[in-house]
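Going down the list, the protein sequences come from chains A and B.
In terms of numbering that gives the first Met the number 0, the first sequence opens at residue 0 and continues consecutively.
In terms of numbering that gives the first Met the number 0, the second sequence opens at residue 0 and continues consecutively.
The beta carbon of each residue, even a glycine, is placed where N, CA and C say it ideally should be.
In what follows, a single structure is set out as structure tokens and then discussed.
Protein chains: 2
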Amino acid sequence: MADSRTPRSSEGLGSSSPAPAVTRAAAVLDALAEAPSGRLTLSDLSRELGIPKSSTSNLLMALEEARLITREGADFSLGRKLVELGAAYLSRLDEVQEFYKFCEQAPTLSGETVRIAMIDGDHIIYLARYEGHPAVRLTSNIGDKMPLSLSAVGKVLLAQLHDHDIEAMFPDDVELPVMTPKSLRSAAELKAQVAAIRKQGYALEDEESTLGVVCLAVPVPTHGAHGPSLGLSVTALKATFSEEQAALMVKELKELAHSLGNPMG
Amino acid sequence: MADSRTPRSSEGLGSSSPAPAVTRAAAVLDALAEAPSGRLTLSDLSRELGIPKSSTSNLLMALEEARLITREGADFSLGRKLVELGAAYLSRLDEVQEFYKFCEQAPTLSGETVRIAMIDGDHIIYLARYEGHPAVRLTSNIGDKMPLSLSAVGKVLLAQLHDHDIEAMFPDDVELPVMTPKSLRSAAELKAQVAAIRKQGYALEDEESTLGVVCLAVPVPTHGAHGPSLGLSVTALKATFSEEQAALMVKELKELAHSLGNPMG
DNA sequence: CACGCTTGTTCAATCCACTGAACAACCACC
DNA sequence: GGTGGTTGTTCAGTGGATTGAACAAGCGTG
Chain A
0 MADSRTPRSS EGLGSSSPAP AVTRAAAVLD ALAEAPSGRL TLSDLSRELG
50 IPKSSTSNLL MALEEARLIT REGADFSLGR KLVELGAAYL SRLDEVQEFY
100 KFCEQAPTLS GETVRIAMID GDHIIYLARY EGHPAVRLTS NIGDKMPLSL
150 SAVGKVLLAQ LHDHDIEAMF PDDVELPVMT PKSLRSAAEL KAQVAAIRKQ
200 GYALEDEEST LGVVCLAVPV PTHGAHGPSL GLSVTALKAT FSEEQAALMV
250 KELKELAHSL GNPMG
Chain B
0 MADSRTPRSS EGLGSSSPAP AVTRAAAVLD ALAEAPSGRL TLSDLSRELG
50 IPKSSTSNLL MALEEARLIT REGADFSLGR KLVELGAAYL SRLDEVQEFY
100 KFCEQAPTLS GETVRIAMID GDHIIYLARY EGHPAVRLTS NIGDKMPLSL
150 SAVGKVLLAQ LHDHDIEAMF PDDVELPVMT PKSLRSAAEL KAQVAAIRKQ
200 GYALEDEEST LGVVCLAVPV PTHGAHGPSL GLSVTALKAT FSEEQAALMV
250 KELKELAHSL GNPMG
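What follows is the structure, given as structure tokens:
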């Protein structure tokens, strides 16, 4: 590691936050979350974020006192309080509770792997997972992120946005992340799919993120302000995937989406 | 609640953090997490935390920019990034991954509801849940907290601590939280149980948090520094709970605990 | 409608958190 | 042991974040 890791900031004062210490503290949390090992030393952080060591030390002490991070010898890592806070966020989403109930009772979905996700910047983030099918256990977990272009939920949520927003996120010469030979390569492909999704009302992901696995997704209608867009998806093995089954799943997903979108039931 | 909510701080400079803005930002997150509705306005926060409105405004703007909180009109609530960060924390715990694998293959446990928890101040916090028994779905979720004295895991983790630490947390005249008629009432009762747990190597919670539900728990041996103590528990309905079954469960829990405590396998 | 009481945002003066350099402790290598 | 590179901590000066008061906008109530 001669030239070490890429310092991400170096713009530093570009934003000029009204409370720089907080912004930097958040950057520390991000850095720890993205670090492969999950552990960084004071110097690592200072270097990577371009913050003087002395200031970094102060930040870390404050973060540790708040239990947002943990110190173990010279290494810092994320703290348990983050799990609490994340859980507090999720527990407030009534949609998640109803999601579980619905899945258990749905004729087809109750035997499948169903997930609910939310758009989060240029990614989606999984909020909950129902597993009626213990045979197929997903590697993805609650809180995991996926690029929009690589998941059925991502595409279906993208299709909900206005065209100019999509254009801003995916200019024609953008390079899309690729995970399998079937992953979408160009913005044009993506936009064509978006158009199709808008017509048919659901999205299909056909081995674009994992070979052998297909995914169907529908959007949850956002009745007014409330919050950011939610999406639902079913995951299945391509081998055991039929047209009729897909139709059933989409039908039930849409029912669930409708009941999530109209809270009274 | 005529006199409204209790302003929690008012000690203010007691701690004198090296980065007050960060400490206060953390307090904001805590307040939002504990607020019953999950939403507070700028003035609410300013009042409750004893921070001037103008400063609170700055904090909130910085927190919002970091997506640690979300603004909806005048209301602020926790942000999605917290789910990411919490998930990042959990994904680093190898124990959680192994926990799932083990549960699936264990003869008895694979059909039960098993959880792994961690001590967190004067509470426990649930890190993961395996549900082999869809009939009995727990209301508790990942990230939820429970008082030490009210859960089997809590008691078993308490038993791992030194006596003087226990004494500090539970002086003789302490008032324990009560959730059912069978909840422990006095520190003396709790300490008697701790002694018993140390002898037998596992803890039993007999309808102390929920009527009709029993819980068994064992500690995960912490091989040296690593991290805070972990505990495992099985939850069952009292109605369908037998001595022989309990013995089997404790045996498998101990196997799991052992394999978690000795990472190589 | 005017009133009282909220709310959140603006702005200049002050104070304190941030910084940089100097420090001590450590490790690896020769 | 000496030496060059680390590491994290300490501390006094200073520049910018914090703040209080003043502002504007909203909302019930009589």
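Should residue i go down as buried or exposed, given a rule of 16 or more other Cβ atoms within 10 Å for buried?
i	result
residue 52/B	exposed
residue 184/B	exposed
residue 81/B	buried
residue 180/A	exposed
residue 126/A	buried
residue 261/B	exposed
residue 16/A	buried
residue 198/A	exposed
residue 234/B	buried
residue 224/B	Per-residue confidence for residue 224/B stands at a pLDDT of 47, beneath the threshold of 50, marking its modelled position as unreliable; the derived number appears in the next sentence. Looking at its Cβ environment, which holds fewer than 16 other Cβ atoms inside 10 Å, residue 224/B is exposed.
residue 154/A	buried
residue 239/B	exposed
residue 106/B	exposed
residue 242/B	exposed
residue 167/B	exposed
residue 45/A	buried
residue 103/B	exposed
residue 73/B	exposed
Out of the options, point me to the one whose CA is closest to residue i's CA.
i	options	result
residue 188/B	171/B, 81/B and 201/B	171/B
residue 202/B	236/B, 212/B, 158/B and 228/B	158/B
residue 191/B	178/B, 169/B and 247/B	169/B
residue 174/A	249/A, 79/A, 125/A and 149/A	149/A
residue 71/A	100/A, 41/A and 84/A	41/A
residue 259/A	234/A, 97/A and 44/A	97/A
residue 236/A	244/A, 102/A and 230/A	244/A
residue 207/A	48/A, 145/A and 246/A	145/A
residue 247/A	26/A, 90/A and 215/A	215/A
residue 60/A	160/B, 20/B and 131/B	20/B
residue 27/A	18/A, 36/A and 43/A	43/A
residue 88/B	178/B, 33/B, 142/B and 200/B	142/B
residue 129/A	161/A, 38/A, 101/A and 30/A	101/A
residue 22/B	63/A, 48/A, 47/A and 36/A	63/A
residue 229/B	254/B, 65/B, 55/B and 118/B	118/B
residue 124/B	74/B, 38/B, 156/B and 176/B	156/B
residue 253/A	178/A, 200/A and 221/A	200/A
residue 65/B	38/A, 74/A and 29/A	29/A
Which chain B residues sit within Cβ distance under 8 Å of residue i?
i	result
residue 107/A	Residues of chain B passing the Cβ test: none, with the nearest at roughly 16 Å.
residue 21/A	20, 21, 24, 58, 61, 62 and 65
residue 141/A	82, 86 and 141
residue 144/A	83
According to DSSP, which residues form a beta bridge with residue i?
i	result
residue 161/A	Answer is none; residue 161/A lacks a bridge partner.
residue 17/B	Partner(s): none; residue 17/B has no beta bridge.
residue 230/B	116/B and 218/B
residue 144/A	124/A
residue 91/B	Answer is none; residue 91/B lacks a bridge partner.
residue 76/A	69/A
residue 201/B	Note: residue 201/B sits in no beta bridge, so no partner.
residue 212/B	236/B
residue 130/A	112/A
So residue i and residue j are supposed to be a Cβ contact under 8 Å. How far apart are they, rounded?
i	j	result
residue 147/A	residue 122/A	7 Å
residue 116/A	residue 152/A	4 Å
residue 205/B	residue 217/B	At roughly 16 Å, the Cβ-Cβ gap does not stay under 8 Å, so residue 205/B and residue 217/B are not in contact.
residue 195/A	residue 140/B	Incorrect: roughly 37 Å between the Cβ atoms, too far for contact.
residue 219/A	residue 210/A	Actually they do not touch by this definition, with Cβ atoms about 28 Å apart.
residue 91/A	residue 76/B	7 Å
residue 34/B	residue 67/A	No, residue 34/B and residue 67/A are not in contact; Cβ-Cβ is about 18 Å, not under 8 Å.
residue 84/A	residue 32/B	5 Å
Could you tell me which chain A residues have their CB closer than 7 Å to the CB of residue i, listed as they occur along the chain?
i	result
residue 218/B	Within chain A, no residue comes near residue 218/B; the closest Cβ sits about 17 Å away, beyond 7 Å.
residue 28/B	84
Give me the chain A residues within the contact set of residue i, using Cβ-Cβ distance strictly less than 9 Å, ordered along the chain.
i	result
residue 119/B	66, 79, 80, 82 and 83
residue 44/B	By Cβ distance, chain A contributes nothing, its closest Cβ being about 14 Å from residue 44/B, past 9 Å.
residue 37/B	87, 88, 90 and 91
Residues of chain B with CB under 7 Å from residue i, in chain order?
i	result
residue 32/A	83, 84 and 87
residue 260/A	Here the premise fails: no neighbours, minimum Cβ distance about 17 Å.
residue 176/A	Result: empty, since nearest Cβ-Cβ is about 17 Å, beyond 7 Å.
residue 17/A	57, 60 and 61
Name, please, each residue of chain B whose Cβ falls closer than 9 Å to the Cβ of residue i.
i	result
residue 229/A	In chain order: nothing, as chain B lies at least about 11 Å away.
residue 255/A	By Cβ distance, chain B contributes nothing, its closest Cβ being about 18 Å from residue 255/A, past 9 Å.
If the cut is a Cβ gap below 8 Å, which residues of chain A does residue i touch?
i	result
residue 126/B	82
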